[in-house]
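Numbering (the working numbering), first residue to last: 854 to 959.
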């Protein structure tokens, strides 16, 4: 009897280890497939975001053009100033700034 128990135990333990190894392999393969699918999704999203960024760069370049700025200003009801309405103020030089900071009058 003890010979049969020893033989059964010597067969059962490797069989159990084999079943556990197979389950581990199936779990690892399932996880790898899931990660591969997620990688594909992330790569597709990256391409979409890059395309959107390029589109926005082009749109920003167009919007920054002087003609586009002028058209937007006109649509807001703004108009260019006339030269007779423009007042030019005298500039302050570096020497005058130092004198103004010390409180002295030029």
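For every residue, glycine included, the Cβ atom is placed at its ideal position computed from N, Cα and C.
For residue i, name the three-state secondary structure that DSSP assigns.
i, result
"residue 929", "coil"
"residue 941", "coil"
"residue 905", "helix"
"residue 898", "helix"
"residue 860", "helix"
"residue 868", "helix"
"residue 880", "helix"
"residue 912", "helix"
"residue 891", "helix"
"residue 917", "coil"
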